[in-house]
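**Q**
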Amino acid sequence: MTNILIVDDEILVRLSLKTLIPWTEHGFRIVGEAQSGEEALAILERLACHIVLTDIRMPDMDGLELISRIRQQWPQTRCLILSNHNDFEYVQQALRLGAVDYSLKLAWVPEELLEKCVRLQEEIRQEELLLAEQHRTAFRMDRLDRESKAALLRNLLTKHTSKVELDSATADVAFEFDIDRYCVALIGIDRYERVLEENRFESEQLLSYTVANVLDEIMRKHGTGELVEISSGYFALISSDISPNLLQQMQEVTGTFIKISISAGISQTHNGLGSLYPAYSEARSALQQRFLRGSGALIFAGGQPPPPAAEETARSSETADAAAWLKLLETKQDDAIVTEAERWFERWTASGYVQPEVVRDELLHLLYVFNNVLERAGTNLYAMPAYEGRYPFEVVRNGETLSEIRVWLTGWLKQSTAYARDAAGVKYRPEIQHVLEIIRNEYHTPLKVSEIAKRVGFAENYLSVLFRKETGSKIVDYLTNVRMEKARELLKDPAYKIYEISEMVGYGDPNHFSKYFKKIEGMFPAEFRKLCLGK
Numbered sequence: 072m073t074n075i076l077i078v079d080d081e082i083l084v085r086l087s088l089k090t091l092i093p094w095t096e097h098g099f100r101i102v103g104e105a106q107s108g109e110e111a112l113a114i115l116e117r118l119a120c121h122i123v124l125t126d127i128r129m130p131d132m133d134g135l136e137l138i139s140r141i142r143q144q145w146p147q148t149r150c151l152i153l154s155n156h157n158d159f160e161y162v163q164q165a166l167r168l169g170a171v172d173y174s175l176k177l178a179w180v181p182e183e184l185l186e187k188c189v190r191l192q193e194e195i196r197q198e199e200l201l202l203a204e205q206h207r208t209a210f211r212m213d214r215l216d217r218e219s220k221a222a223l224l225r226n227l228l229t230k231h232t233s234k235v236e237l238d239s240a241t242a243d244v245a246f247e248f249d250i251d252r253y254c255v256a257l258i259g260i261d262r263y264e265r266v267l268e269e270n271r272f273e274s275e276q277l278l279s280y281t282v283a284n285v286l287d288e289i290m291r292k293h294g295t296g297e298l299v300e301i302s303s304g305y306f307a308l309i310s311s312d313i314s315p316n317l318l319q320q321m322q323e324v325t326g327t328f329i330k331i332s333i334s335a336g337i338s339q340t341h342n343g344l345g346s347l348y349p350a351y352s353e354a355r356s357a358l359q360q361r362f363l364r365g366s367g368a369l370i371f372a373g374g375q376p377p378p379p380a381a382e383e384t385a386r387s388s389e390t391a392d393a394a395a396w397l398k399l400l401e402t403k404q405d406d407a408i409v410t411e412a413e414r415w416f417e418r419w420t421a422s423g424y425v426q427p428e429v430v431r432d433e434l435l436h437l438l439y440v441f442n443n444v445l446e447r448a449g450t451n452l453y454a455m456p457a458y459e460g461r462y463p464f465e466v467v468r469n470g471e472t473l474s475e476i477r478v479w480l481t482g483w484l485k486q487s488t489a490y491a492r493d494a495a496g497v498k499y500r501p502e503i504q505h506v507l508e509i510i511r512n513e514y515h516t517p518l519k520v521s522e523i524a525k526r527v528g529f530a531e532n533y534l535s536v537l538f539r540k541e542t543g544s545k546i547v548d549y550l551t552n553v554r555m556e557k558a559r560e561l562l563k564d565p566a567y568k569i570y571e572i573s574e575m576v577g578y579g580d581p582n583h584f585s586k587y588f589k590k591i592e593g594m595f596p597a598e599f600r601k602l603c604l605g606k
């Protein structure tokens, strides 16, 4: 609707203007009426008006002064003059002051005044459309500028850049941090995958947008700087004002309002844009110690990795662990197996510094030793039921902290050693043995539990309960594990494409295959193949 204000000191004129023209039918709304210029200004302070219909001759403040004031304070508002025949000089002056048109009060025709207002209405509409497009264009340009700067900073932080490339890329860019003195903090969302699985956010993009906005707002309250999203769940903060107080406030606000935990690794002080890469590397190395420190950690760079001698000691210890581990597994000393695992974690925790990938590699090696022992007994790790919905290789590869892996792995060992002992030499009843044979022989087909039950001669629910009671696993989980076991073998052969392997193990949709493979192995098929082939 187009808002109109009527200003005239004669009540009959105001009444005629309001009632003789069907304003609403043409998209107009009378938002007020005033009998003087001062009263009109008071209304304009409170209400947005597009068109002002005003008399020229009024007591106190006349129409000329009113038009002048409107021109100064509300330049987008149109003023249309209501005049008498002998006001021609005033009309000319009013037009010079910014009035857009006039109408003679003594001989006015409602249709003519309405036509003039409709013309002004269209001008206003076109102007608003143009202004909106200008705002959209400005917003797009601003967003492109911000995205371009973010991409530049992301490259400077994560890649080594030569001085020539650096000077060329940053020639016309203004950064919101002191180039001569700054730190880099790499902020990571703790348990990121689990946060996504909670589905509290409509999308991963919305989660990133929300966290980035909160972090940026807090940063600007403390000083200046740049915030850049590095990758999913990770943000780099570049500022001269990074302090424990700033980071703790970020933790408090994200914890209270977004219900997430964050950790941060903070570099030492650097200067010059060429030092962004080493500063980021320091922050990233510091954040890796979240693995040992746990969620919600603030880790400042400065600690050094263990010297070569200490690493050699760790390697020797690893060999001793594997030998002792093998002996315990072969002699089925269940309690001692768990105690030995606890000892590894105690050693890593007491060290005060660990390289996460070294720890993961050691644990994976020990799992493979366990699997070899199980295979000699006629089973393997992949045949075991999930523990708390997860599998050992996935937990070791993706567990965010040492504590998380420790709690899960020791609990799983108690279950798996008992399972391995019970499964050794076990003979299942004929119907269950038949189910196992169907799965092993036909895993590459689209098997369904209902079809298997029909072939065995049992009701689906009864067979599911019986199978789990005898094997400790669900039929679907056992089928998935058999398929994944075959997939691991096929992935070691580069002759097969991943989508072909997906079909060969019973998955028509490669995406579903990748999802299940990652759930069990902790990595996607392509990553597993790369690891196996050493590429």
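Residue numbers (our numbering): 72 to 606. We treat Cβ as the ideally placed atom computed from N, Cα and C, and that holds for glycine.
With H, G and I counted as helix, E and B as strand and the rest as coil, what does DSSP make of A394?
**A** Position 323 of the sequence shown, counting from 1, holds the residue named residue 394. Three-state DSSP puts A394 in a helix.
**Q** When the distance is taken between beta carbons, is A307 closer than 9 Å to L257?
**A** Stepping through the sequence shown from its first residue, residue 257 is reached at position 186. Stepping through the sequence shown from its first residue, residue 307 is reached at position 236. Yes; because the gap between Cβ atoms is below 9 Å, this pair is in contact.
**Q** Given a threshold of 16 other Cβ atoms within 10 Å of its Cβ, counted over all protein chains shown, does D432 qualify as buried or as exposed?
**A** Within the sequence shown, numbered from 1, the residue matching residue 432 stands at position 361. So D432 ends up on the exposed side.
**Q** Does DSSP put G103 in a helix, in a strand, or in coil?
**A** What you label residue 103 is simply residue 32 of the sequence shown in a count that begins at 1. In this structure, G103 counts as strand in the three-state DSSP scheme.
**Q** Pick out whichever of D133, P130, L115 and S174 has its Cα sitting closest to the Cα of P146.
**A** On the sequence shown, position 75 is the one that residue 146 refers to. The residue with the shortest Cα to Cα distance from P146 is L115.
**Q** Could you give the DSSP three-state label for T402: helix, strand or coil?
**A** Position 331 of the sequence shown, counting from 1, holds the residue named residue 402. It is coil, neither helix nor strand.
**Q** So for G336, helix, strand or coil by DSSP?
**A** One-based indexing of the sequence shown puts residue 336 at position 265. G336 falls in the strand class under three-state DSSP.
**Q** Does the count of Cβ pairs from the segment 519 to 527 and the segment 553 to 561 closer than 8 Å reach three?
**A** Counting Cβ pairs under 8 Å, fewer than three are found: no touch.
**Q** Tell me which residue opens and which closes the beta strand (DSSP E) that N342 is part of.
**A** For the purposes of this step, residue 342 is taken as the residue at position 271 of the sequence shown. It is not in any beta strand (DSSP E) - N342 carries neither H nor E in the DSSP assignment.
**Q** Going by CA-CA distance only, name the one from F416, L201, C603 and Q164 that's closest to L363.
**A** Within the sequence shown, numbered from 1, the residue matching residue 363 stands at position 292. Cα-wise, what sits closest to L363 is F416.
**Q** Should E353 go down as buried or exposed, given a rule of 16 or more other Cβ atoms within 10 Å for buried?
**A** Along the sequence shown, read from residue 1 onward, the residue named residue 353 stands at position 282. Looking at its Cβ environment, which holds 16 or more other Cβ atoms inside 10 Å, E353 is buried.
**Q** Any idea if T325 is buried or exposed, counting beta-carbon neighbours within 10 angstroms, 16 or more meaning buried?
**A** Within the sequence shown, numbered from 1, the residue matching residue 325 stands at position 254. Buried, since its Cβ has 16 or more Cβ neighbours within 10 Å.
**Q** Would you decide whether E81 is buried or exposed? Buried here means 16 or more other CB atoms lie within 10 Å of its CB.
**A** Indexing the sequence shown from 1 puts residue 81 at position 10. Its Cβ having fewer than 16 others within 10 Å, E81 is exposed.
**Q** In the structure shown, what three-state DSSP assignment does G108 receive?
**A** As a position in the sequence shown, residue 108 is number 37, starting the count at 1. Here G108 sits in helix by DSSP.
**Q** From this set, E508, L88 and S356, which residue's C-alpha is nearest E183's C-alpha?
**A** Here residue 183 is taken as the residue at index 112 of the sequence shown, counted from 1. Among E508, L88 and S356, the Cα nearest to that of E183 is on L88.
**Q** Going by beta carbon distance, what residues of the same chain come within less than 7 Å of M129, once the five residues before and after it are set aside?
**A** Against the sequence shown, residue 129 aligns to sequence position 58. Within the same chain, M129 has close Cβ partners D80, S107 and G108.
**Q** Using a Cβ-Cβ cutoff of less than 6 Å, which residues in the same chain neighbour E397 once the five nearest sequence positions on both sides are dropped?
**A** One-based indexing of the sequence shown puts residue 397 at position 326. The residue asked about is misnamed: residue 397 is Leu in this sequence, not Glu. Result list for L397: V440, in chain order.
**Q** Rounded to the nearest angstrom, how far is the Cβ of P456 from that of G543, given a contact under 8 Å?
**A** Within the sequence shown, the letter at position 385 stands for residue 456. Within the sequence shown, the letter at position 472 stands for residue 543. The pair is a contact, with the Cβ atoms about 5 Å apart (cut-off 8 Å).
**Q** How about Q322 and G367: are their beta carbons less than 9 Å apart?
**A** Here residue 322 refers to the residue found at position 251 of the sequence shown. Here residue 367 refers to the residue found at position 296 of the sequence shown. In contact: Q322 and G367 (Cβ atoms closer than 9 Å).
**Q** Within the segment 267 to 307, note down every full beta strand (DSSP E) run reaching 3 residues or more, in order along the chain.
**A** Counting whole runs of 3 or more residues, the segment 267 to 307 contains the beta strand (DSSP E) stretches 297 to 302.
**Q** Which residues in the same chain have their Cβ closer than 6 Å to the Cβ of A335, if we skip the five residues on either side of it in sequence?
**A** By 1-based counting over the sequence shown, the position of residue 335 is 264. Same-chain partners within the cutoff: A256, I258, L318 and L369.
**Q** Do the segment 240 to 252 and the segment 266 to 277 make contact, defined as three or more Cβ pairs closer than 8 Å?
**A** With the cut-off at 8 Å, the segment 240 to 252 and the segment 266 to 277 do not touch.
**Q** Going by DSSP, what residue range makes up the beta strand (DSSP E) through R149?
**A** Reading the sequence shown from its first residue, position 78 is the one you call residue 149. Start and end: R149 to S154.
**Q** Which two residues bound the contiguous beta strand (DSSP E) that contains V425?
**A** As a first step, residue 425 must be located in the sequence shown, where it is residue number 354. No beta strand (DSSP E) contains V425, which DSSP labels as neither H nor E.
**Q** In three-state DSSP terms, what is A248?
**A** Here residue 248 refers to the residue found at position 177 when the sequence shown is read from its first residue. Checking the sequence, you will find Phe at residue 248 rather than Ala. It is coil, neither helix nor strand.
**Q** List, from N- to C-terminal side, the alpha helix (DSSP H) runs of 4 residues or more that fit wholly inside the segment 419 to 488.
**A** Whole alpha helix (DSSP H) segments, 4+ residues: 427 to 447 and 463 to 469.
**Q** Only counting the same chain, and skipping five residues up and downstream in sequence, which positions put a Cβ closer than 7 Å to that of G373?
**A** Mapped onto the sequence shown, residue 373 falls at position 302. Hits under 7 Å: Q339.
**Q** Among the residues of its own chain, which have a CB less than 7 Å from the CB of A119, if the five just before and after it don't count?
**A** As a working mapping, residue 119 is identified with position 48 in the sequence shown. The residues are N74.
**Q** Going by beta carbon distance, what residues of the same chain come within less than 8 Å of W479, once the five residues before and after it are set aside?
**A** As a working mapping, residue 479 is identified with position 408 in the sequence shown. Within the same chain, W479 has close Cβ partners Y458, E459, R461, V466 and G470.
**Q** Just mark G296 as buried or exposed, buried being the case when its beta carbon has 16 or more other beta carbons within 10 Å.
**A** For the purposes of this step, residue 296 is identified with residue 225 of the sequence shown, where counting begins at 1. It is buried - the Cβ of G296 has at least 16 other Cβ atoms within 10 Å.
**Q** Can you grab the Cα-Cα spacing for the pair M72 / W94, in whole Å?
**A** Residue 72 sits at position 1 when you count from the first residue of the sequence shown. Residue 94 sits at position 23 when you count from the first residue of the sequence shown. If you take the alpha carbons of M72 and W94, they lie about 10 Å apart.
**Q** Is it buried or exposed, H121, if we count other Cβ atoms within 10 angstroms and call 16 or more buried?
**A** Taking the sequence shown and counting its residues from 1, the one referred to as residue 121 is at position 50. Classification for H121: buried.
**Q** Would the beta-carbon of D126 fall within 9 Å of that of I152?
**A** What you label residue 126 is simply residue 55 of the sequence shown in a count that begins at 1. What you label residue 152 is simply residue 81 of the sequence shown in a count that begins at 1. Closer than 9 Å, so yes.
**Q** Less than 9 Å separating the beta-carbons of Y514 and G577?
**A** By 1-based counting over the sequence shown, the position of residue 514 is 443. By 1-based counting over the sequence shown, the position of residue 577 is 506. Contact: yes.
**Q** Looking only at its chain, what residues have a beta carbon closer than 6 Å to the beta carbon of R361, apart from the 5 residues adjacent to it on each side?
**A** One-based indexing of the sequence shown puts residue 361 at position 290. Answer for R361: S334 and A368, listed in chain order.
**Q** With a 10 Å radius around its C-beta and 16 neighbouring C-beta atoms as the bar for buried, classify H341 as buried or exposed.
**A** Residue 341 sits at position 270 when you count from the first residue of the sequence shown. Looking at its Cβ environment, which holds 16 or more other Cβ atoms inside 10 Å, H341 is buried.
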